[in-house]
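My numbering puts the first residue of the sequence shown at 8, with every later residue one more than the last.
Virtual Cβ for every residue (Gly too), placed ideally from N, Cα, C.
Source: prediction; values computed, not measured.
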Amino acid sequence: MRFVLLMLAVVLFAGCTIKTPMMASVTGDGKYWVLARPMVYEQPKTKQTFTVQRGFVTDLASVPRLFWSAVPPCGKYTPAAVVHDYLYWYQPANCDRECADTLLLVAMEESGVGELERNAIYAGVRAGGKDAWDKNKAARAAGNIRRVPEKFMDFGPYDTWGQIEARIRADVKESER
């Protein structure tokens with residue numbers, strides 16, 4: 008049964024994998040993707056440069072499942088969504104929430120996302136993003152992890168994000184002894 012569910016997840020998310028060549032793989036729970044290589048984005052208007060590190064864990068576009076038929080978690084907007092996730096997680100001093108959301112809008116336009124679709128995504132992020140911003144801040148403060156260190160990048164297709172994160176945490180505790 009577990010195999011059937013995994014295969015179903017692979018089939019459902021195959022489109023995302025195909026459309027997201029910078030991703031190493033989807034985790035075994037089908038919820039997260041891990042960057043296979045760094046991704047650099049330069050905002051064309053401000054010339055700010057953001058580098059999303061290899062191993063960063065993302066859920067791509069954080070669209071509620073109810074809306075996936077209209078706006079799936081991946082598409083032309085995937086690179087923009089990854090940078091946006093990165094900024095929401097790390098919240099660098101040079102880019103607040105408004106900056107991150109504006110960057111998402113500009114990056115989607117650069118990626119050829121249609122005006123109606125990008126404006127709908129942007130409106131959704133502006134309406135519901137504060138909660139995600141605050142939760143990410145709290146999760147970071149609590150010591151949660153959103154980057155897979157190099158020595159853990161060779162995880163298997165059945166490894167869930169929770170299992171990968173547990174191995175990383177165990178390794179940290181072991182090295183502290």
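C-alpha distance - residue i paired with residue j, whole-angstrom precision
i: G119; j: L111; result: 12 Å
i: I175; j: G169; result: 10 Å
i: C102; j: G131; result: 19 Å
i: A100; j: H91; result: 15 Å
i: D161; j: T34; result: 11 Å
i: K180; j: V64; result: 21 Å
i: I128; j: R44; result: 26 Å
i: D141; j: D66; result: 17 Å
i: Y48; j: K83; result: 15 Å
i: A145; j: T167; result: 22 Å
i: C81; j: A87; result: 10 Å
i: E116; j: K38; result: 26 Å
i: A134; j: Q50; result: 23 Å
i: E165; j: D36; result: First, the residue type needs correcting, since residue 165 is Tyr and not Glu in the sequence shown. Going by the C-alpha atoms only, they are around 7 Å apart.
Proximity to residue i [Cα-Cα], best of the options
i: F57; options: T85, Q98, W168 and Y84; result: Q98
i: N126; options: D108, K137, A139 and W140; result: D108
i: D138; options: Y84, Y95, G37 and K83; result: Y95
i: V89; options: A134, Y165, P164 and V41; result: V41
Residue i in three-state terms, based on DSSP
i: F162; result: coil
i: Y93; result: helix
i: Y129; result: helix
i: R154; result: strand
i: V120; result: coil
i: L42; result: strand
i: T5; result: In the structure displayed, the chain extends from 8 to 184; residue 5 sits before or after that span and is not available.
i: M115; result: helix
i: K137; result: helix
i: A146; result: helix
Anticipated Cβ contact below 8 Å, residue i with residue j, distance rounded
i: R154; j: G62; result: 5 Å
Opposing strand residues paired with residue i [DSSP bridges]
i: T85; result: T85 is not bridged to any residue.
i: V64; result: V41
i: T58; result: V47
heavy atom of the ligand HEM below 6 Å from residue i C-beta
i: E105; result: Questions concerning the ligand HEM fall outside what the structure shown contains, since it holds no ligand whatsoever.
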